[in-house]
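All remarks here apply to the structure that follows.
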Amino acid sequence: MMKATTTIFLCFLMLAGKLTLGQNTHFATDGVVEYDKTINMYALIKKNIDKDNESWYAPLFEQYKKTQPQFKTYKSTLTFSKDKTLFTPIEPDPAPNSFYSNDPMAVQNNTIFTDLASQSVIMQKKVFDELFLVRDTTRKIKWKITTETRDVAGYKCRRANAIVMDSIYVVAFYTDEIAVTGGPESFSGLPGMILGVALPHENVTWFASKVTESVVTAKALAPPTKGKATNNKGLMDILKGATKDWGDYAKSYLKAFSL
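Residue numbers for the sequence shown follow the working numbering, beginning at 77 and rising by one.
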């Protein structure tokens, strides 16, 4: 009898502990995530050297390596509140100045407002010297969640993998401690905030360096308003027309502007 009573008492304590833990669990819904976008410039440039351009491109690349670091990092923020997010790049100071600084994969071109409830986005995209305002639906990503975990900016995150745009392999790390299904750039759709994204074959990553929980006003989530109005298809048609004579170079530019 005493043994049964003791067992029941221990089970009660365990259940009470779990209930208390559940009551104390905090899920953030408002705040700002600060991201670092890191690009492996050496790898990015090297991929563009081929037999047709190596006579002049290779020497430029060697000179670049003597004066420029292998990795470049850019800052951005993601302001979030409930079902809305605003991704905003921070202009570097000084601005990049090299023969490869205009590559769209090596800079930050997008300011993106996302309404997760309606699955809609308003994207301000800078394409060379022209500004576009793209209204469309959120990107549909078929994520495969794994058991791998890692710490990002003090949050325990779980890994998920996906393929976007038919060929771009994506690795993401999300935390369910932030109850918003957003992420940097146009990456979203996981059961929590995406704090890390890596495109291994594109030589670029976005990882959170800091998360600040704070009250977010409607003004802080105001969508971008400037730019030539279009949608994703319209922008792609414009880009294809502008790069139709670029040969193989067009592919990398179209890919970067479509992310």
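Cβ atoms here follow ideal geometry from the backbone N, Cα and C, with glycine treated the same way.
As the structure is a computational prediction, the values presented were derived from the model and not from experiment.
What does DSSP give as the partner residue(s) for residue 245 in the beta ladder? In the sequence shown, residue 245 corresponds to position 169, counting from 1. Its beta-bridge partners are 239.
In angstroms with no decimal places, state the Cα-to-Cα distance between residue 158 and residue 305. Within the sequence shown, the letter at position 82 stands for residue 158. Within the sequence shown, the letter at position 229 stands for residue 305. Answer to the nearest angstrom: the Cα atoms are 27 Å apart.
Would the beta-carbon of residue 199 fall within 9 Å of that of residue 186? The count along the sequence shown starts at 1 and reaches residue 199 at position 123. The count along the sequence shown starts at 1 and reaches residue 186 at position 110. Taking 9 Å as the Cβ cut-off, residue 199 and residue 186 qualify as a contacting pair.
So what does DSSP say about residue 264, is it helix, strand or coil? Looking up residue 264 in the sequence shown gives position 188. Residue 264: coil per DSSP, three-state reduction.
Cut-off 8 Å between Cβ atoms - residues of its own chain near residue 122, not counting five sequence neighbours on either side: In the sequence shown, counting from the first residue as 1, residue 122 sits at position 46. The residues are 137.
Do the CB positions of residue 176 and residue 165 come within less than 9 Å of each other? Residue mapping note: residue 176 aligns to position 100 of the sequence shown, counting from 1. Residue mapping note: residue 165 aligns to position 89 of the sequence shown, counting from 1. Cβ distance not < 9 Å, so residue 176 and residue 165 don't count as in contact.
Have a look at residue 271 and residue 323 and give me their C-alpha separation to the nearest angstrom. As a first step, residue 271 must be located in the sequence shown, where it is residue number 195. As a first step, residue 323 must be located in the sequence shown, where it is residue number 247. Each residue's alpha carbon lies about 36 Å from the other.
For residue 104: DSSP bridge partner residues: Here the question's residue 104 lines up with position 28 in the sequence shown. Residue 104 is bridged to 254.
Tell me whether the beta-carbon of residue 162 lies closer than 9 Å to the beta-carbon of residue 125. Locating residue 162 in the sequence shown gives position 86, where the first residue counts as 1. Locating residue 125 in the sequence shown gives position 49, where the first residue counts as 1. Against a cut-off of 9 Å, the Cβ pair of residue 125 and residue 162 comes out as no contact.
Whole-angstrom distance between residue 192 and residue 265, CA atom to CA atom: Here the question's residue 265 lines up with position 189 in the sequence shown. Here the question's residue 192 lines up with position 116 in the sequence shown. Whole-angstrom Cα-Cα distance: 9 Å.
Going by other Cβ atoms of all chains shown within 10 Å of its Cβ, with 16 needed for buried, is residue 327 buried or exposed? By one-based count along the sequence shown, residue 327 stands at place 251. The residue in question, residue 327, is exposed, as its Cβ has fewer than 16 Cβ neighbours within 10 Å.
Which word fits residue 99, buried or exposed, when buried means at least 16 other C-beta atoms lie within 10 angstroms of its C-beta? If you number the sequence shown from 1, residue 99 lands on position 23. Reliability fails at residue 99, whose pLDDT of 45 lies under 50, so the model's placement of it is uncertain and the value that follows must be treated cautiously. The residue is exposed, with fewer than 16 neighbouring Cβ atoms inside 10 Å.
Measuring only the C-alpha atoms, how far is residue 258 from residue 269? One-based indexing of the sequence shown puts residue 258 at position 182. One-based indexing of the sequence shown puts residue 269 at position 193. Their backbone Cα atoms lie some 5 Å apart in a straight line.
For chain E, is any of its Cβ atoms less than 9 Å away from the one on residue 235? Among the chains in the structure shown there is no chain E, since it carries only a single protein chain.
DSSP-derived helix/strand/coil call for residue 145: Translated into positions along the sequence shown, residue 145 becomes position 69. Three-state result, residue 145: coil.
Beta-carbon proximity of residue 214 to residue 262, cut-off 9 Å: For the purposes of this step, residue 214 is taken as residue 138 along the sequence shown, with counting starting at 1. For the purposes of this step, residue 262 is taken as residue 186 along the sequence shown, with counting starting at 1. Result yes, Cβ atoms of residue 214 and residue 262 sit closer than 9 Å.
Distance check for residue 316 and residue 103, CA to CA, integer angstroms please. The residue labelled residue 103 in the question sits at position 27 within the sequence shown. The residue labelled residue 316 in the question sits at position 240 within the sequence shown. One C-alpha to the other measures close to 44 Å.
Under the three-state DSSP convention, the category residue 298 falls into: Here residue 298 corresponds to residue number 222 of the sequence shown, with the count starting at 1. It is coil, neither helix nor strand.
DSSP state of residue 193 mapped onto helix, strand, coil: Position 117 of the sequence shown, counting from 1, holds the residue named residue 193. The answer is coil: DSSP assigns residue 193 none of H, G, I, E or B.
Ordered list of beta strand (DSSP E) runs contained in the segment 102 to 138, each at least 3 residues: 106 to 116
Counting along the chain, where does the beta strand (DSSP E) carrying residue 284 start and finish? The count along the sequence shown starts at 1 and reaches residue 284 at position 208. It spans 280 to 289 - the beta strand (DSSP E) in which residue 284 sits, taken as one unbroken run.
Which residue marks the beginning of the alpha helix (DSSP H) containing residue 317, and which one marks its end? Here residue 317 refers to the residue found at position 241 when the sequence shown is read from its first residue. 308 to 318 is the extent of the alpha helix (DSSP H) around residue 317.
Does DSSP classify residue 333 as helix, strand or coil? Numbered from 1 along the sequence shown, position 257 holds the residue referred to as residue 333. Three-state result, residue 333: helix.
From residue 290 to residue 297, what does the alpha carbon distance come to, in whole angstroms? Position 214 of the sequence shown, counted from the start, is the residue given in the question as residue 290. Position 221 of the sequence shown, counted from the start, is the residue given in the question as residue 297. Going by the C-alpha atoms only, they are around 13 Å apart.
Kindly indicate which three-state DSSP category residue 201 falls into: helix, strand or coil? Along the sequence shown, one-based indexing puts residue 201 at 125. Residue 201: strand per DSSP, three-state reduction.
For a test of the three-state rule: what should DSSP assign to residue 232, helix, strand or coil? Indexing the sequence shown from 1 puts residue 232 at position 156. Three-state result, residue 232: strand.
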